[in-house]
Every structure is written in structure tokens, then in C-alpha cells.
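Working notes, structure below.
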Amino acid sequence: MRAANKAQEQARRRTDEKGRRRDAARRARELAEQQAEAMPLVDDVERPRHERVVDAELVDPAPHGGILEVLSMRYLLRLIVRRELAKMYAASVLGLLWSYVQPATRFVVYYFIFGMVMQVHRGVPNFAVHLFCGMVFLHYFTETWAGGTRSIRTNRQLVLKMRVPREIFPVSMMIVAFYHTGPQLLLLLVVCLLIGWHVTWTAVLAGLLGLAILVLFSMAMAMIFSALNVYAQDTQNIVSTFGQFLHFMVPMIYPFSFIADIGERHPVIYQLYLANPLAEAVMLLQKFFWQPLAAHPESLEANFPADLWERGVIMLAVCALLVFLAQRFFSRVEGRIPELL
Amino acid sequence: MSTSIVVEDVTKQFTMAYHRSLKQMAVAKLRRLPLREHFKAVEDVSFTVEQGESIGLMGLNGSGKSTLLKLINGVMRPDEGRIRTRGRVAGLIATGAGFHPQLSGRENLYLNGAILGMGEKEITRKFDDIVEFAGLGKFLDTPVSHYSSGMNARLGFSIAVHVDADIFLADEVLAVGDRPFKKKCLEKLQEIRAEGTTIFYVSHATGSVRQMCDRVLVLESGRLNFDGDVDAGIHYLQYDEPTDDDTAADEEIGADI
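Sequence lines, in order, name chains U and Z. First residue of the first sequence? That's 89 in the numbering used here, and the numbers climb one at a time after it. First residue of the second sequence? That's 4 in the numbering used here, and the numbers climb one at a time after it.
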């Protein structure tokens, strides 16, 4: 039965058991005839052939280099980042300014609706900084995530034709996102300094921890979703939809004390809320930027979970593991990327 | 002489998904149509190439030539078997280089050069040569999407050829250029051949293959059916030799149907 199937299959494809088509010879002659005219004949060079000595080992042409290989290709990374930045604003008059218009309007809306109208800012000194601090870092995450998700598809020409470690595309979007958030960060710093900011070592430590969580989490998500988006382009729509929710899933337009209140009645919701690495990252960064601004920083401890430090350290380990797993996942599916594009 | 390329029992399988959306999949399921089908673009291919050999890769369209080249330059990975290459691999696979349509020729030149493993200094040093060989003139700073397919191929070939690669892959890229440029490219190819670069040259034109290559590989439905002398390879490809074996196989198939 199987043999009969196979024979039928071969008959259908008109090939013999070696894979040669029945009309192979005729077709080959036709093609050769067509192209004989097109290809000019060029004689071999009248020079003695050199023997080329290649000083290299025999290696896999497509090594699983991963993120580490990407980080060693600084020049290429720089070119790709520069190109992404140039491309994004290629045909716009305001150029790079556009990446500030949207966050700025969103900030104004949140500030008035949640602060002024709904009076969330009562009990939150320097509410604007509390809000802006969260928005800047969340913006970094959503930019990396959304940009990273699209990155392999938008670079399909390169992916299909040239060998590069494909992690370079999501990783480059991390750097592009930094260019977009950098000036906002600067603005945040200036505002903090004007209000009267004093740095303590604990605050610096909190800031660094928050930043590390943010960067690692962004990288892992960008990598996983860039690969998923090759399989189904729905991914980028899911990502942009979900990105909108994120603003409400971290304590920035409301203080953390709201969540702590809910937590007394619904401990599950409380735990789920804090299972979001971005919530920890934002609070740790608020500890750095926002808390020291107050006249009595100790009085703001209610705006942070009591175990924020422990949670932060655990979350850092979780995010590092996530990057590792993202790399494993990426390496596994990467081989199929060119055929799916 | 050292080994340049080792290909061992390499198989590359493609999965063709016929239906991408959920609705289409449901309809296909109801009609009992296959959702996806596998086929082997390259099947169990093994060969070894010495440094400096010039290989003519022949076979009908769809026989797996481009896939094999993609496996050698690392764009794709084999599903089974393994491939090893020594040194820098450059070249053009299928028509058109890996260019970004919105970027200018200049930006693409730098980007492509960097991907092929050149540093900033090396590209800057070779920049004028590349531009001159490609003959783009004032179009260097126009987006590549405005280029004709010939210009595209010219720039791509020019970059690849100036990389000073140890292995050069020339797929049917030259099919799009105009005649004088093709001549120029083939001359250049002969030049790098004389310098001892390993070359993979894909063409249907027998005369051109005879002049360019020392050895021919013939792929048929992804299988390596001939590996050897150029003339014998061309003969194998173009003329049937009805042997007892062949006719027996044909009858067998006929009987089953």
C-alpha cells in the first residue's frame, strides 16, 4: 500500500526515483538555449592561479551566537540603530519631536483627568513627578516591545538574504527606544533638581535595580514577540492593544496605596498586580526620582509595598531567567524564520 | 590545499502552510484538505569543496539551488546534517541583494558591508571602488526602491565582490543586468577565481559554466545526482541515457497506476 502511494506520488510529480523529472533533459536544453545568448563568454584569466591560504577554521556558517554575538557586532548594531531612527522620521517635518508629542498629550490628559477631576493626587505630593516618572519608563518598555515585535518583519529583506544573528533586530529596537526616552529622562531629572532633589545611596540602589529589571524584561519580551510575530502577524496587534492597558497596571496615575487597600480584601489581585515586573521597576524608580522630593520621605512609605526590596531582587532574577529562556526560545524557532517570511 | 566547504548529509525541509487565518483553516478542515505539507528542498546532499575550486551549480528551476546556497551562506540552517565553511562567505542569492528599500544606495552599501563582516574603515577604504564598479553615479543617494533591478544587482554584486571573501556565491543574479555589465561581472569573477577564491556559480548557460567552472554539481528535486567533471555534468543534465534501469522504473510506476 505504501509502495503504491509512493509510486503514485512520483507519477504525480513526474520524477523518477532519483528525483529526475521526466522532461528534465529537454527543459535543461531549453533553458541553456535561452540563456546562452544572455550570458557573454569570458575567458579564464591568463594568469597563473594563486593558491589562497585562508587563515580560519571550518565553522558553522550559521552559528547560534545569540545576544552575545550581537553585542560583539558594535558597528553593525550602530548602523542599524541609526537607520531605524532615520527611517522613522524620514518624511515628517517635525521629525524626532513626534515621539514627544504623544507622551506629552497623554501626560496632560492623565494629569487633568485623574489628578484634577478624580482627585487622585490628594495625598500624593509632587503628583506630576509620580506620574511622569512612571510614564517615561513605561514608554521605554512599550517602545521596545512594540518596535521589537515588528523588527524582524520590517527587516525581511535583510533576514532573507544575508546572514546576521537575528537577535540584532529586537536588540537594536531596545537602543532605538532609549534614544526616544533619553530626552524625557533628562527632562525628568531637570524637574526633580528644580523641585529640590537629594540623592541617597538607597535611592541610587533602588534606581539601578529598577532600571535593570526594566531593561532585562524589555529585552526578553522584544525577543519572544519578534519571533512570534513571524509566525502570525496578529502578534503586533495584540501587543499594541495590550500596551494601552499597561498604563493602568503600574502605580503611576494612582498611588500604590490604592492597591494596598484592595489587597486587604483581594490578596490574589494584589499578588497578581505585583507579579508584573514593570510594577516593581516603576516603584523602584519612583523611590529614586520621586520619594526624595518630599519634605519627609519616610511619610511616603505607604506608597510602596513593605517588601519592595525583596520583590525587586527576586524580580531581577526572574527577568534574567526570562532573558535566558527568551534566547533559548528564539534560537529554537529562528531556523524557520526565513521560510515563514 | 585546504578544505573550503564541507556539506554532510544535509536535508532542508520546508513546511508549506496553505491557510493562514482561522477561518480558512476551519474551511479546509471541513473539506478535509491538508492544512500543511512538507517537502524537502534539499535532500541528503553531501560534498566537499577545496579552497579555490570553482563549482558550477546546475539544475532546473525549483531543484533546490538557491536553498543550497542559502544553507552555505548561513541564511538558513539545515534540518539534518551539517555544514562547515572556512573564511568569509559573500555573494548574491536569488535576484536582488538584501537592501532596505527606503534607504539610499550609500546607506545600504555601508549596512551590507558591515553584515558581510567589514569594519567601518575597510568599507570607507573600498567605498570609491565599489561605487565605481556599480556605476550608480548620481543615484547613490536615492532610495534603493527607485533603482531599476539592474542597478540593484550592480550595487549588490559590487559590494559582494569587494568584500574579499574566501567563498563567493553567485546565484542567477547576473540574469538581470545588461550585457556590458554582465561581461564586467564575469571578468571580475574570473579575476577572483584566479586569486584562489572558492566560487559557486549558478547558471543554465552551458558555455558560461564551461568557462567559469572546474566542476559541476547537478541538483534534481533537491538531490545531488551528479558531482564531477564539467562536460560530463552538462551531458548528464541535458541528455537522457535510456538504461534498463530507467525503463524498468517507468514500467513499475505505470503498473501501479
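Heads up, the beta-carbon is just placed ideally off N, CA and C, and yes, glycines get one too. This structure is a prediction, so every number in the text was calculated from the model and none was measured.
- By the C-beta density criterion, U:M204 is exposed, having fewer than 16 other C-beta atoms within 10 angstroms.
- In this structure, Z:G94 lies near Z:A173, with their beta-carbon atoms less than 8 angstroms apart.
- In terms of beta-carbon proximity, U:Y163 lines the interface with chain Z, with at least one pair separated by less than 8 angstroms.
- Counting along the chain, the unbroken beta strand (DSSP E) around Z:R85 starts and ends at 83-89.
- Listed in chain order, the beta strand (DSSP E) elements of length 3 or more contained wholly in the stretch 317-341 of chain U amount to none.
- In this structure, the alpha-carbon of U:V279 lies about 16 angstroms from that of U:P191.
- Considering only U:I357, U:M223, U:Y188, U:D131, the residue with the shortest C-alpha distance to U:G331 is U:M223.
- For U:N214, the closest C-alpha among the options U:N243, U:L429, U:Q415, U:P380 is that of U:P380.
- Nearest neighbour of U:L185 by Cα position, chosen from U:H138, U:H384, U:Y267, turns out to be U:Y267.
- The alpha-carbon of U:L275 is positioned some 31 angstroms away from that of U:T242.
- In terms of beta-carbon proximity, Z:F17 lines the interface with chain U, with at least one pair separated by less than 8 angstroms.
- Contact residues of the stretch 411-427 of chain U toward chain Z are G423, P426, E427 (C-beta to C-beta distance below 7 angstroms).
- Counting the other Cβ atoms within 10 Å of the Cβ of Z:L71 gives 16 or more, which makes it buried.
- Among the CB atoms of chain U, none fall inside 8 angstroms of the CB of Z:F50.
- A Cβ-Cβ separation of about 7 angstroms places Z:Y204 in contact with Z:I58 under the 8 angstroms criterion.
- Here Z:D230 is not near Z:E56, since their CB atoms are 8 angstroms or more apart.
- Per DSSP, reduced to three states, the secondary structure at U:N214 is coil, with no helix or strand assignment.
- At the C-beta level, U:V147 and Z:R87 come within 8 angstroms of one another.
- At the C-beta level, U:A126 and Z:A208 come within 8 angstroms of one another.
- Interface residue (Cβ-Cβ distance to chain Z less than 8 angstroms): U:D395 is not classified as such.
- For the pair of segments examined, the stretch 288-295 of chain U was found to touch the stretch 363-375 of chain U: the number of CB pairs separated by less than 8 angstroms reaches three.
- For Z:S57, the enclosing beta strand (DSSP E) begins and ends at 57-61.
- Among the bridge pairs identified by DSSP, Z:R226 is matched with Z:E223.
- Looking from the CA of Z:F42, the closest CA among U:G107, U:V141, U:Y342 belongs to U:G107.
- Within chain U, the C-beta atoms nearer than 7 angstroms to that of Z:Y242 come from A113, in chain order.
- Look at U:K175 here: in three-state DSSP terms it is helix.
- For Z:V212, the uninterrupted alpha helix (DSSP H) run begins and ends at 209-215, by DSSP.
- Restricting attention to Z:D47, Z:M28, Z:Q27, the CA atom closest to the CA of Z:D12 is found in Z:D47.
- An exposed status is given to U:L281, since fewer than 16 other beta-carbon atoms sit within 10 Å of its beta-carbon.
- If you draw a 10 Å sphere on the C-beta of Z:T51, you find fewer than 16 other C-beta atoms in it, and that means exposed.
- Inclusion of U:Q324 and U:T237 in the CB contact set at 8 angstroms is warranted, their separation being smaller than that value.
- The beta strand (DSSP E) runs lying completely inside the stretch 150-209 of chain Z and spanning 3 residues or more are 170-173, 201-205, given in chain order.
- Under the DSSP definition of a beta bridge, Z:H41 partners with Z:T18.
- When U:M206, U:A383, U:F257, U:I283 are compared, the shortest CA-CA separation from U:S239 is found for U:F257.
- In this chain, the alpha helix (DSSP H) harbouring U:G154 covers 154-160.
- Beta-bridge partners assigned by DSSP to Z:G140: none are found.
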